[in-house]
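There are 2 protein chains.
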Amino acid sequence: MTAQTVILEVNRVATDMKEALKSRIDILAEKGIVPCLATILVGGDPSSATYVKMKGNACKRLGIKSIRIELPEHISTEELIAEIQKLNVDPSVHGILLQHPVPQHIDERAAFEAIRIEKDVDGVTTLGFAQNAFGFASFPSCTPAAILAIMDYYQIEMEGKHAVVIGRSPILGKPVSMMLLHRNATVTMCHSKTVNLEEMVRLADIVVAAVGKPNFIQGDWIKPGAAVLDAGYNAGNIGDVDYEACKDRASAITPVPAGVGPVTIATLLKHTVDAAEKLA
Amino acid sequence: MTAQTVILEVNRVATDMKEALKSRIDILAEKGIVPCLATILVGGDPSSATYVKMKGNACKRLGIKSIRIELPEHISTEELIAEIQKLNVDPSVHGILLQHPVPQHIDERAAFEAIRIEKDVDGVTTLGFAQNAFGFASFPSCTPAAILAIMDYYQIEMEGKHAVVIGRSPILGKPVSMMLLHRNATVTMCHSKTVNLEEMVRLADIVVAAVGKPNFIQGDWIKPGAAVLDAGYNAGNIGDVDYEACKDRASAITPVPAGVGPVTIATLLKHTVDAAEKLA
């Protein structure tokens, strides 16, 4: 198995996803509709600014309108929510993305909850999470959806497989666990309080790393033949998985950089087009 | 360990929970408020009728008002939702319980979703599920909450323990998994598509059976010293766990009948009082 390790070429997945959106955007254009994503950036965190810019540029290249709202660091939760509510009622805006994280003094959860469910293309509301957990059609969180899109693209089987998810954040670990469960995987949710994490990872057919610690997942933790999906993005463009050490044991593995990230952006674009079609 | 197996005397847990409600109900009475639970039963399923009756009787014994609405088998989803909406706006009703299951032709999920979140004392709405998964204060599903109440009562440690949940229903397996995760257990969600279920159960420090198959969990699957919580209720009052075979290996185990059930009812009563206090 180790001789056949597939490096998951996520750029290919992202390119194919974006390619598939073009004709849908053209059909909307014939109706006079331009899909529109509004992004909100609070404060001056440079990596957040980079992410938002990348998302805006990706929109532009595809013919999706993007509105970039930049708010000062010291804005209050109420003021942020007021901005979100303006976008909620603006019929020309189809999707709203509030870049995570916001400054500490803001109630991020309250701000996320203010996003109208029909425009929650980033999948951050609790209602969106639950609809996703119960298998309804709505917008799942983009990174979890990207992870599943990559596995589908490479026909990595999920049904009956043991997936071990490391990390339990509301926009990554929790939703990806529910999505894998919905695809009939047996899912183990691990986190900072997990005892014997290595032993748990050793049992996994599918490893999803979403823990936020650089090179945390070690090569000898990986069961030979497992698929390894690295959703970590740490300072210096380093993933959560020690890629070099893991890649020879894994049957398939995503690199970082140019890993899950590009597919996450493609998923966000897809959701924005979905939202525009629903409101058309 | 096996010499010290604790039979979890759930009736004691339920009695203590109900005892603790009495003074709260008295305080509400001084304000002229009687907590009120409305139960809705659709059709003539005899075990459903029994459950609803038990819940109503439990209310009565404690001084909680209960309104029992019985609807004919052939009612439509829309008619059922109209009944729920009447209760949503009735200020004298604090909690609404729609007895599961409803007849096949009814969209049960749509009916559950119609229940106003502030009155969802049975914890069946998707929003309630998500708030619970994210650790907000709201009403978790009653059976999962009962399972945690039993473990708390007997001081069964959850943090860092490996909990294996068998079953993934929206009102049992999924919410109990999220609640155990929130209590810092490592949680594995198993179901009908799980391969090698026995091996997974053998790894568990805590086993939660919510699968709906009589005597399904076998004695030799249980790791010596594990805690076994049986949320199954199958025809003939038989649990999901082969109690006789499991009890000598488990460090703690809930029997069926008189198992998780009575604590589930006590939890429902507690939620109804909580709801009345919030609206007071």
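Residue numbers (this note's numbering), protein chains in the order written: chain U, 1 to 280; chain E, 1001 to 1280. The beta-carbon is built from N, C-alpha and C at its ideal position, and this holds for glycine as well. Since the model is a prediction, treat every value here as computed from it, not as a measurement.
Mind pulling the chain E residues with CB within less than 9 Å of residue i?
| i | result |
| --- | --- |
| K60(U) | Within 9 Å Cβ-Cβ: nothing; K60(U) doesn't reach chain E, min ~33 Å. |
| K174(U) | A1133, F1134, M1178 and L1181 |
| E277(U) | None at all; the shortest Cβ gap to chain E is about 23 Å. |
Could you name the residues of chain U that residue i contacts, counting a contact when the two beta carbons are closer than 7 Å?
| i | result |
| --- | --- |
| N1184(E) | K193 |
| A1130(E) | T126, L127, F129 and A130 |
| E1118(E) | What E1118(E) touches in chain U: nothing, since even the nearest Cβ is about 15 Å away. |
| E1159(E) | K193 |
Please name the residue or residues paired with residue i in a DSSP beta bridge.
| i | result |
| --- | --- |
| M1189(E) | V187(U) and V1165(E) |
| D1230(E) | A1209(E) |
| V13(U) | Note: V13(U) sits in no beta bridge, so no partner. |
| V1006(E) | A1252(E) |
| I1217(E) | V1241(E) |
What distance in whole Å lies between the Cβ atoms of residue j and residue i, which are believed to be in contact at a cut-off of 8 Å?
| i | j | result |
| --- | --- | --- |
| C190(U) | M179(U) | That pair is no contact at about 16 Å. |
| I117(U) | A252(U) | Going by Cβ atoms, the distance from I117(U) to A252(U) rounds to 34 Å, so no, they are not a contact pair. |
| H1094(E) | A1275(E) | 4 Å |
| K283(U) | D205(U) | Any question about residue 283(U) goes unanswered here, given that chain U covers just 1 to 280. |
| T126(U) | F1134(E) | 6 Å |
| A1014(E) | P1262(E) | 4 Å |
| I1064(E) | P1091(E) | Rounded, the Cβ-Cβ distance is 16 Å, inconsistent with contact. |
| L28(U) | A280(U) | 6 Å |
| A266(U) | A250(U) | Actually they are not in contact, since the Cβ atoms of A266(U) and A250(U) sit about 23 Å apart, beyond 8 Å. |
| G1212(E) | G1239(E) | Rounded, the Cβ-Cβ distance is 10 Å, inconsistent with contact. |
| I340(U) | L8(U) | This structure cannot speak to residue 340(U), because chain U is shown only from 1 to 280. |
| I1115(E) | L1071(E) | With 8 Å as the limit, I1115(E) and L1071(E) do not qualify as a contact, their Cβ atoms being about 15 Å apart. |
| Y282(U) | V6(U) | Residue 282(U) lies beyond the stretch modelled for chain U, which goes from 1 to 280, so this question has no answer here. |
| L1229(E) | T1254(E) | 5 Å |
| T77(U) | T1188(E) | At roughly 37 Å, the Cβ-Cβ gap does not stay under 8 Å, so T77(U) and T1188(E) are not in contact. |
| V42(U) | I106(U) | 7 Å |
| I1217(E) | A1209(E) | 5 Å |
| E284(U) | P103(U) | The first residue shown for chain U is 1 and the last is 280, placing residue 284(U) beyond what the model contains. |
Taking C-beta pairs closer than 8 Å, name the residues in chain E that residue i reaches, listed in chain order.
| i | result |
| --- | --- |
| V187(U) | T1188 and M1189 |
Going along chain E in order, which residues have a C-beta closer than 7 Å to the C-beta of residue i?
| i | result |
| --- | --- |
| P170(U) | F1134 |
| M200(U) | T1186 |
> If we count Cβ pairs, one from each stretch, closer than 8 Å, do we get three or more for the segment 102–119 of chain U versus the segment 50–64 of chain U?
Replying inline: no
>> Report the start-end ranges of each alpha helix (DSSP H) in the segment 1224–1279 of chain E that is 4 residues or longer and not cut off at the edges.
In response: 1243–1246 and 1260–1279
> Considering only residues of the segment 1030–1102 of chain E, which uninterrupted alpha helix (DSSP H) runs meet the minimum length of 4 residues and lie entirely inside it, listed in chain order?
Replying inline: 1046–1062 and 1077–1089
> Is the number of C-beta pairs between the segment 1130–1142 of chain E and the segment 1270–1280 of chain E that are closer than 8 Å three or more?
Replying inline: yes
>> Across the segment 80–87 of chain U and the segment 231–249 of chain U, are there enough close Cβ pairs to call them in contact, namely three or more that are closer than 8 Å?
In response: no
> On the three-pair Cβ rule with 8 Å, is the segment 1238–1246 of chain E touching the segment 1212–1222 of chain E?
Replying inline: yes
> Would you call the segment 1159–1172 of chain E and the segment 1194–1208 of chain E touching, i.e. three or more CB-CB distances under 8 Å?
Replying inline: yes
> Which ranges would you report for the beta strand (DSSP E) in the segment 1097–1166 of chain E if only whole runs of at least 3 residues count?
Replying inline: 1162–1166
>> Tell me whether the segment 1070–1083 of chain E and the segment 1021–1036 of chain E touch, counting them as touching only if at least three CB pairs, one residue from each stretch, are closer than 8 Å.
In response: no
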